[in-house]
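Just so we're aligned: the sequence shown equals residues -26 to -1, 1 to 140 in mature numbering (1 follows the signal peptide of the UniProt record, and there is no 0).
Structure, as structure tokens:
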Amino acid sequence: MKALYAAPLLAPILALALAACSPAKAPVPPTYDVAGVKVAGPYSRPAAQGGNGAGFFSLTNGNTGPDILFSVESPIADHVEIHESSVEGGMMKMQHLERGVPLRAGETVEFKPGGKHLMFIGLKQALKPGDKIPATFVLEHAGRVPVELTVQGGAPKGAGMDHSAH
Ligand SMILES: [Cu+2]
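Below, the structure written as structure tokens:
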């Protein structure tokens, strides 16, 4: 009886071994879902201590009423601002959205390079690939939504994403 049972067991063990040998993929940041608000794929970029870091994600208001992302808090920076980059007359401008970002019921707002983003002002630590940045999103109705942004490697591509001038 022993031999009969051994054979079916080998297949799953082999599959596990093969999976462990497949090439490592970059970790995909998770989706956070708190009080009907979804924060999908939050990530950041490498940055130096004392400088500024950026944050990107997609934010969905899954509730039946409007909401507002008022602010974001994080222990790793002096403070966090919500910014929006745009091109005006061929110049990249960055605006501080001091009133936050309104979200209609069911609306998804993308925070991405060249558009809306978080700015971690005055980093208390360097951001290295693989680091997790704790942050709390503060919304008018959903309340406090804790997330972690994953620092992904590689320099940001494209004009206007150099935040060192802040
Ligand atoms: Cu900015």
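Beta carbons: idealized from backbone N, C-alpha and C, even for Gly.
Any non-hydrogen atom of ligand 1 closer than 8 Å to residue i Cβ
{"i": "MET68", "result": "yes"}
{"i": "ALA116", "result": "no"}
{"i": "SER59", "result": "yes"}
{"i": "ASN35", "result": "no"}
{"i": "ALA22", "result": "no"}
{"i": "ALA28", "result": "yes"}
{"i": "GLU55", "result": "yes"}
Straight-line gap, residue i to residue j (C-alpha atoms, nearest Å)
{"i": "LEU43", "j": "VAL2", "result": "24 Å"}
{"i": "HIS53", "j": "GLY25", "result": "12 Å"}
{"i": "GLY89", "j": "PRO4", "result": "21 Å"}
{"i": "ALA79", "j": "LEU33", "result": "12 Å"}
{"i": "MET119", "j": "VAL13", "result": "The sequence given here places Val at residue 119; Met does not occur at that position. So the alpha carbons of these two residues sit roughly 9 Å apart."}
{"i": "ALA9", "j": "LEU77", "result": "14 Å"}
{"i": "GLY63", "j": "GLN23", "result": "33 Å"}
{"i": "PHE94", "j": "PRO40", "result": "26 Å"}
{"i": "PRO(-4)", "j": "SER45", "result": "Its pLDDT being 49, under 50, PRO(-4) is placed unreliably by the model, and the measurement read from it follows with that caveat. Looking at the two C-alpha atoms, the distance is approximately 39 Å."}
{"i": "LYS67", "j": "VAL61", "result": "6 Å"}
{"i": "VAL121", "j": "GLU47", "result": "10 Å"}
{"i": "ASP7", "j": "GLU72", "result": "25 Å"}
Residue span of the beta strand (DSSP E) that contains residue i, given as start and end
{"i": "SER48", "result": "Looking at the DSSP string, SER48 is not in any beta strand (DSSP E), and its letter there is neither H nor E."}
{"i": "PRO4", "result": "Per DSSP, PRO4 belongs to no beta strand (DSSP E) and is neither H nor E."}
{"i": "LEU33", "result": "27 to 35"}
{"i": "PRO40", "result": "PRO40 -> no beta strand (DSSP E), and no H or E assigned at all."}
{"i": "PRO16", "result": "11 to 18"}
Coarse secondary structure for residue i, derived from DSSP in three states
{"i": "LYS102", "result": "coil"}
{"i": "HIS115", "result": "coil"}
{"i": "GLY88", "result": "coil"}
{"i": "GLU81", "result": "coil"}
{"i": "GLU122", "result": "strand"}
{"i": "ALA22", "result": "coil"}
{"i": "GLU55", "result": "strand"}
{"i": "PHE97", "result": "The sequence shown places Leu at residue 97, not Phe. Note: LEU97 maps to strand in three-state DSSP."}
{"i": "GLU62", "result": "strand"}
Neighbourhood of residue i by C-beta distance below 6 Å, restricted to the same chain and skipping five residues each side
{"i": "ASP105", "result": "VAL125"}
{"i": "GLN69", "result": "GLU58"}
{"i": "THR82", "result": "SER32, THR34"}
{"i": "HIS115", "result": "ASP41"}
{"i": "THR38", "result": "ALA79"}
{"i": "PHE85", "result": "PHE30, PHE31, HIS91"}
{"i": "GLY27", "result": "SER18, ALA21, PHE94, LEU97, LEU101"}
Close Cβ partners of residue i (< 8 Å) along its chain, the five nearest in sequence each way excluded
{"i": "TYR17", "result": "PRO3, GLY29, PHE30, PHE31, LEU123, THR124, VAL125, GLN126"}
{"i": "PRO49", "result": "LYS98, PRO108"}
7 Å Cβ shell around residue i - same chain, five flanking residues per side excluded
{"i": "PRO103", "result": "PRO20, VAL125, GLN126, GLY127"}
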